[in-house]
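Trainee: In this text, residue positions in the sequence shown follow our numbering: the first is 1, and each later residue adds one.
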Amino acid sequence: MGLLHEKAMSVERGRGERNFMALEIGAVLRAIRKKKKINQETVCQGICGVSTYSQYENGERIPDILSLKMLFERLGYTPKGLNVYASEDSLRFWRWKRELNVLLVHEKYKELAMHLSKMPASNPALNQHLIQQCIHYVNGIIAEKETRDLGQAQGCYEKALMETCPAILCTDRIDGCIGASELFLYLLYLRLLMETRRMNQCQLLPCLGKVISYIEQGDMDDSEKVFIYPPAVYLWSRCCNEDNRKKHTELKKGLDLLIKYKSTYYMLELVETLAAPEESPMADRYRKIYGVTSCMYEELGIGRNGLWYQLRPDEMMVEDVGQYLRKARKKKQFSQEDACDGICAVESYSKIENGRHPSRNHYQALAEKIDVEERYFVDQLNTGNIEALMLRSRINGAMNERKYQEAEALLATLVDILGAEAEDNRSFIELVRGRLDYCQGRISIQDYYAELLRILNRTLNLDEIGKNTHTYTYLETKAINNIAFAEYKMDHLEKARDILERLLYDLQQECEGGEGQFRFHETKLAKLNLGKALTDMKQYGDAKTLYLENIIETLGRNDSFQIAELLSELAYVYIVEDQGNVMAAKRYLSYAIAIADLYEEREMMTFLVNYYKEQFGGAAY
Numbered sequence: 001m002g003l004l005h006e007k008a009m010s011v012e013r014g015r016g017e018r019n020f021m022a023l024e025i026g027a028v029l030r031a032i033r034k035k036k037k038i039n040q041e042t043v044c045q046g047i048c049g050v051s052t053y054s055q056y057e058n059g060e061r062i063p064d065i066l067s068l069k070m071l072f073e074r075l076g077y078t079p080k081g082l083n084v085y086a087s088e089d090s091l092r093f094w095r096w097k098r099e100l101n102v103l104l105v106h107e108k109y110k111e112l113a114m115h116l117s118k119m120p121a122s123n124p125a126l127n128q129h130l131i132q133q134c135i136h137y138v139n140g141i142i143a144e145k146e147t148r149d150l151g152q153a154q155g156c157y158e159k160a161l162m163e164t165c166p167a168i169l170c171t172d173r174i175d176g177c178i179g180a181s182e183l184f185l186y187l188l189y190l191r192l193l194m195e196t197r198r199m200n201q202c203q204l205l206p207c208l209g210k211v212i213s214y215i216e217q218g219d220m221d222d223s224e225k226v227f228i229y230p231p232a233v234y235l236w237s238r239c240c241n242e243d244n245r246k247k248h249t250e251l252k253k254g255l256d257l258l259i260k261y262k263s264t265y266y267m268l269e270l271v272e273t274l275a276a277p278e279e280s281p282m283a284d285r286y287r288k289i290y291g292v293t294s295c296m297y298e299e300l301g302i303g304r305n306g307l308w309y310q311l312r313p314d315e316m317m318v319e320d321v322g323q324y325l326r327k328a329r330k331k332k333q334f335s336q337e338d339a340c341d342g343i344c345a346v347e348s349y350s351k352i353e354n355g356r357h358p359s360r361n362h363y364q365a366l367a368e369k370i371d372v373e374e375r376y377f378v379d380q381l382n383t384g385n386i387e388a389l390m391l392r393s394r395i396n397g398a399m400n401e402r403k404y405q406e407a408e409a410l411l412a413t414l415v416d417i418l419g420a421e422a423e424d425n426r427s428f429i430e431l432v433r434g435r436l437d438y439c440q441g442r443i444s445i446q447d448y449y450a451e452l453l454r455i456l457n458r459t460l461n462l463d464e465i466g467k468n469t470h471t472y473t474y475l476e477t478k479a480i481n482n483i484a485f486a487e488y489k490m491d492h493l494e495k496a497r498d499i500l501e502r503l504l505y506d507l508q509q510e511c512e513g514g515e516g517q518f519r520f521h522e523t524k525l526a527k528l529n530l531g532k533a534l535t536d537m538k539q540y541g542d543a544k545t546l547y548l549e550n551i552i553e554t555l556g557r558n559d560s561f562q563i564a565e566l567l568s569e570l571a572y573v574y575i576v577e578d579q580g581n582v583m584a585a586k587r588y589l590s591y592a593i594a595i596a597d598l599y600e601e602r603e604m605m606t607f608l609v610n611y612y613k614e615q616f617g618g619a620a621y
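#1: Cα-Cα, which of Glu-553, Lys-532, Ser-560, His-492 is closest to Val-576?
#2: Got a sec? Which residues, its chain only, sit under 8 Å from Lys-544 by beta carbon, not counting five neighbours each side?
#3: Rounded to the nearest angstrom, how far is the Cβ of Ala-479 from that of Leu-452, given a contact under 8 Å?
#4: Could you compute how far the alpha carbon of Val-372 sits from the alpha carbon of Leu-460?
#5: Return the chain-ordered ranges of every alpha helix (DSSP H) run that is complete within the segment 451-524 and spans a minimum of 4 residues.
#6: So, helix, strand or coil for Met-21, using DSSP?
#7: Mapping the DSSP letters down to three states, classify Ser-181 as helix, strand or coil.
#8: Which residue's Cα is closest to the Cα of Asp-89: Cys-134, Ile-352, Val-292, Leu-82?
#9: Have a look at Cys-239 and Gln-133 and give me their C-alpha separation to the nearest angstrom.
#10: Counting only beta-carbon separations shorter than 7 Å, does Asp-221 have a partner in chain B?
#11: Sort out for me which residues DSSP pairs Val-321 with in a bridge.
#12: Please report the residue range of the beta strand (DSSP E) in which Tyr-85 lies.
#13: Once DSSP output is grouped into helix, strand and coil, what is the label at Val-378?
#14: Under the three-state reduction of DSSP, which class applies to Ser-263: helix, strand or coil?
#15: Out of Leu-418, Thr-164, Gln-405, point me to the one whose CA is closest to Gly-384's CA.
#16: Ile-395 and Leu-411 - do their beta-carbons sit closer together than 7 Å?
#17: Determine the contact status of Ile-47 and Ser-67, defining contact as a CB-CB distance below 7 Å.
#18: Quick check: the Cα distance between Tyr-404 and Phe-561, rounded to an integer number of angstroms?
#19: State the DSSP-derived secondary structure class of Asp-64, mapped to helix, strand or coil.
#20: Taking just the CA atoms, how far does His-129 sit from Thr-164?
#21: List the endpoints of the continuous alpha helix (DSSP H) containing Arg-360.
#22: On the three-pair Cβ rule with 8 Å, is the segment 170-177 touching the segment 52-70?
#23: Report the option in Gly-556, Ala-486, Arg-557 whose CA atom is closest to the CA atom of Leu-530.
#24: Please confirm whether Leu-91 and Ile-289 have their CB atoms less than 7 Å apart.
#25: Going along the chain, which residues of its own chain have a beta-carbon closer than 6 Å to the beta-carbon of Glu-12, five neighbours each way excluded?
#26: How about Gln-336 and Val-346: are their beta carbons less than 7 Å apart?
#27: Quick check on this structure: which residue in His-136, Glu-146, His-470, Met-317 has the alpha carbon closest to the alpha carbon of Leu-161?
#28: Which residue's Cα is closest to the Cα of Leu-169: Glu-298, Ile-32, Leu-187, Gln-152?
#29: With DSSP as the reference, identify every bridge partner of Asp-559, one or two as the case may be.
#30: Measure the beta-carbon distance from Ala-125 to Val-321 and round it to whole angstroms, keeping in mind my assumption that it falls under 8 Å.
#31: Give me the residue from Glu-111, Pro-313, Arg-375 with the minimum Cα distance to Val-226.
#32: May I ask you to report which of helix, strand or coil DSSP gives His-115?
#33: Would a C-beta distance cut-off of 7 Å place Ala-339 and Ile-302 closer than the cut-off?
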């Protein structure tokens, strides 16, 4: 085994993903709003009426996926990993919107107009203001980047803002609540005015200042700020006449956010600016990092301009409620007639399985009849306690950074806060405890494997994986990834590969086109671990393909989490394969070192630098 590719699969230690299991999402909205002392009118202005929002909080009405996403943004809360069960009509729009982002990332502006014409027919269940905002936004990009009608582009961006937050265009300060996506649209609008000189620096600075003030003084969580502060401070640095020290301080604050939350959002712009000699006392370091990372983006075909215009990647994972019921029904060996007997007509039930969202009463009755959870929203923790949810995020962060003693203390506090709810959340608690016990040498890999199987068997048999008969929760995929890790550690390479391939097959079947596009966090880890197994089994071509796909998708989402590891594993494949490509190995290893350096992954960076010297001599860059 080579030094780079040590015998260790990656284990999900958590990034704060949030998905609420069998939970009334209204309780979560209400808890966040009250914690931040925001009234209902302020949260929902421009999105929905106060009475509608009140119904959301009271559990009398279920928010559509677009409204929910924006409401969370308004509350300054990031719903990472939240699983939402929606109709096929809603999913169709979600898929269309995701493909839009792919086109933007790769700067395929000619195809945008065609893609816009293929937008799914208006779904009355989705928020029409937010749909129209998206349409105006796309038309603005087409006008700006393809037809070069900058006046029309400006008008489109203004129309997009008018849909939900018209006041931002005409006031000196931002009052109330506004989401990161809305602020981003406003920055895009200001950037166009700056590039076309329709506003001079003196006019632009107050506009940028009110955005930065809102970000710094508002109730936005840092996990939300990372999506808007970096581009805001970058544009500000281009306009202001402040001394270089002040510019450097503000730019570094933006970069620190990216480092903390493993994001590449405007990373290239910030690093390039900090690399200017007059802007940064560490210019040489940033200059080297910028040179390497910009080459990486170019090689991978990820357009720099595209990153400016892409919509924020969706953190919520959307599931097909009809597919969920169909799989559960077939698993129980029920016919459609059996499932809906005494509840609704067979024709009505068939429409539910094929795309129509059930009414709340029908959904509850059908779930009870089939004997499954009534899923609208699914999370690792079954609680509406916002303090518990925030603690979970901190636990996952501590595990990710291998701060095991801190994670143990936080877990104990979480159990105390949950109280009687701890029993409902025992799978999450036990998964964390098991990982802590193994990582700290308190149990063997064999005992860890047995514990993981015990946890998984509460809801799923290992033999069911790969048969496309189950709709997975995040906790289940987490347990399965760790089971594969344990098999790998015990040198059961074929078993590890088999488990991961079957898991990926199931997750990809849930999504149109078989791309696993709505379960990014789960498929990413599984692909990384599968790549390691394939490498050890000398299936180098498959491993390289898997790593490259994973890297491109991750960077396309402005995500740096595990990027250095993915790049180094790809480099390792090029080193160990027959007639290895030395130049490719050097490039990818250099990319990995630059990312580890920038994101302050000190342990990994030290290891990779030493490995590079050992293999090739000299410095990577």
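Positions of the beta carbon are idealized from the N, C-alpha and C atoms, including for glycine.
Mentor: On the basis of the data shown:
#1: Lys-532
#2: Leu-570, Val-573, Tyr-574
#3: 5 Å
#4: 13 Å
#5: 474-489, 493-509
#6: Its pLDDT being 43, under 50, Met-21 is placed unreliably in this model, and the value from its coordinates should be taken loosely. Met-21 falls in the coil class under three-state DSSP.
#7: Helix at Ser-181.
#8: Ile-352
#9: Computed Cα separation, rounded: 28 Å.
#10: Of the protein chains in this structure there is only one, and it is not chain B.
#11: Per DSSP, none; premise fails for Val-321.
#12: 83-86
#13: strand
#14: strand
#15: For the set Leu-418, Thr-164, Gln-405, the Cα lying nearest the Cα of Gly-384 is the one of Leu-418.
#16: yes
#17: yes
#18: 19 Å
#19: coil
#20: If I take the Cα positions, the gap works out to 7 Å.
#21: 360-370
#22: no
#23: Ala-486
#24: no
#25: Residue placement at Glu-12 is poorly supported in this model, since its pLDDT is 48, which falls under 50; the coordinates still yield a value, given next. Hits under 6 Å: Lys-478, Asn-481, Leu-525.
#26: Their beta carbons are under 7 Å apart, which means Gln-336 touches Val-346 by this criterion.
#27: His-136
#28: Leu-187
#29: Ser-263
#30: Ala-125 to Val-321, Cβ: 12 Å. No contact.
#31: Pro-313
#32: helix
#33: no
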